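> If you're matching positions, the sequence shown starts at 1 in my numbering and goes up one per residue.
Glycine included, C-beta positions come from ideal geometry on N, C-alpha and C.
Owing to the predicted nature of the structure, the values given are computational and were not obtained by experimental measurement.
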Amino acid sequence: MNIDPLPRAGVLGTAAACLLLATSCAGQTPDPGSADGEDALTVETVHGEVGLPEVPTDVVALGWSDAETCLALGVEPVGVADWLEYGGNGVGPWVEGDPVQLGTMEPNVEATASLEPDVILDTRSDLTQERYDMLSPVAPVVGPPPGVETTYGTTWQEQTRQVAAALDRQERGEELVTELEGRFADLREEHPGFTDSTIAVGAYNYDGGFGAYVPGDTRADLLTDLGFEYDDELADMADGAFYTDLSAENVQALDADLTVVFPLEAGAAGELESDPVLQDLDSARDGRLIVLDDQDLIDAFSSGSVPGVHHALDGIVPRLVEALDQ
């Protein structure tokens, strides 16, 4: 699982240099438009307006959770990026599909081109022009919507609507958004204590250190959608990013009415139960620390897709209620 997955300039440059060969090998040349010069669909993105000459049928989903969003809309992508390292078919167990796996931080341009996609979805991405320029010669690239400024900061609502617009499934997209927003509203009503409480979300890094996710990240946003208040101190420390590393002396910033922490490395949850710095938090001492140890729940919590969020709510809400009742 990647904390801050940003492509390296050298990799991008090499990929771009190989692009002509890749598209030639695939026999794929971007369609300049329909016969009458009008596109069947247009989508507004951070990189400008993207025109699609026809409703896509062969879709490559490279953005974080774009594949799960496609599947929720009833379209199976031909290729996906497995950001959360699910393995297998590259998507969470809460959706079904059997696409080809492609690169994440370093998209495999040749493999992508060989699938001859009608569109490349990259709606939750690093926002860089380099990544867009690398992919756009293969097929139209639908990136994040205008206004997204945080890397990987596209909300689940924005992602659902953006993918739905690219697939011409706007009605179904709005149904998915309405259903999940309704569930959040019901949960806030059922648990008024959520709106009276502060919360923080931490991660245990591969090197044994800690970090924090802040609003603008899908994990923090899920909890604020439930009504929790997030500490501005952590957001300030992130300085516009969705995540910030925490030094040992700053782990105290994770203290809140509820603290949710999970390991980025599978099987490492046990280390959190005995970590002296984490266990020294007031929330830990008072039984208000939640350590996520189920990998499916961790992945769903991190997915930021409509089906993933539904799965995460199934598992995390009972834990939140139990901790608040301490």
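Could you pull the DSSP bridge partners for residue 141 from this structure?
Its beta-bridge partners are 120.
> Leaving aside the five residues before and after residue 203 along the sequence, list all residues of the same chain whose C-beta is less than 8 Å from its C-beta, in chain order.
Correct list, in chain order: 3, 210, 211, 212, 213, 243, 261, 262, 263, 264.
> State the start and end residues of the unbroken alpha helix (DSSP H) segment that holds residue 271.
Where residue 271 is concerned, the enclosing alpha helix (DSSP H) stretches over 269-274.
> Using 8 Å as the threshold, is the region 245-253 in touch with the region 173-185, meaning 3 or more CB pairs across them?
No, because fewer than three Cβ pairs between the region 245-253 and the region 173-185 fall closer than 8 Å, the two stretches do not touch.
> By Cβ distance below 8 Å, which residues in the same chain neighbour residue 25 in space, the five residues on each side in sequence not counted?
Residue confidence for residue 25 is low, a pLDDT of 36 falling below 50, so the modelled location carries little weight; the figure read from the coordinates is stated next. Closer than 8 Å at the Cβ level, and outside the excluded window around residue 25, lie 110, 113, 114.
> Using a Cβ-Cβ cutoff of less than 7 Å, which residues in the same chain neighbour residue 168 once the five nearest sequence positions on both sides are dropped?
Within the same chain, residue 168 has close Cβ partners 41, 55.
> May I ask which residues mark the beginning and end of the beta strand (DSSP E) holding residue 262?
Residue 262 -> beta strand (DSSP E) spans 258-263.
> Can you look up residue 41 in the DSSP assignment and give me helix, strand or coil?
Strand.
> Please classify residue 12 as buried or exposed, where buried requires at least 16 neighbouring CB atoms within 10 angstroms.
Here residue 12 scores only 37 on pLDDT, less than 50, and its place in the model should not be relied on; the value that follows carries that caveat. Looking at its Cβ environment, which holds 16 or more other Cβ atoms inside 10 Å, residue 12 is buried.
> Considering only residues of the same chain and omitting the five flanking positions on each side of residue 158, which have a CB-CB separation below 8 Å?
Excluding positions up to five away in sequence, the list reads 123, 144, 145, 148.
> Please report the distance separating the alpha-carbon of residue 118 from that of residue 138.
Taking the straight line joining both Cα atoms gives about 9 Å.
> Is residue 152 near the ligand ADP, with its Cβ less than 7 Å from a heavy atom?
Absence of the ligand ADP from the depicted structure is noted, as is the absence of any ligand whatsoever, leaving it without description.
> When you compare each of 226, 89, 256 to residue 313 by their alpha carbons, which one comes out closest?
It is 226 whose Cα lies nearest to the Cα of residue 313.
> Would you mind giving the Cβ-Cβ distance between residue 43 and residue 180, rounded to the nearest angstrom? I have them listed as a contact below 8 Å.
About 22 Å; that fails the 8 Å criterion.
> If you scan the region 46-109 from start to end, which runs of the alpha helix (DSSP H) of 4 or more residues do you find wholly inside it?
If we require 4 residues or more, the alpha helix (DSSP H) runs fully inside the region 46-109 come out as 66-72.
> Starting from residue 210, follow its DSSP beta bridges and name the residues at the other end.
Answer is 204, 246.
> Would residue 95 pass as a contact of residue 121 if the rule is Cβ separation under 8 Å?
No, the Cβ-Cβ distance between residue 95 and residue 121 is not below 8 Å.
> Based on Cα-Cα distance, which residue from 151, 45, 78 lies nearest to residue 64?
It is 151.
> Have a look at residue 197 and residue 66 and give me their C-alpha separation to the nearest angstrom.
Cα-Cα distance, rounded: 32 Å.
> Just list the residues that DSSP pairs residue 217 with in beta bridges.
215.
> Ignore the nearest five residues each way along the sequence and tell me which others in residue 9's own chain have a CB closer than 6 Å to its CB.
For residue 9, the predicted structure reports a pLDDT of 34, less than 50, and the residue's modelled location is therefore unreliable. The matter cannot be settled from this model.
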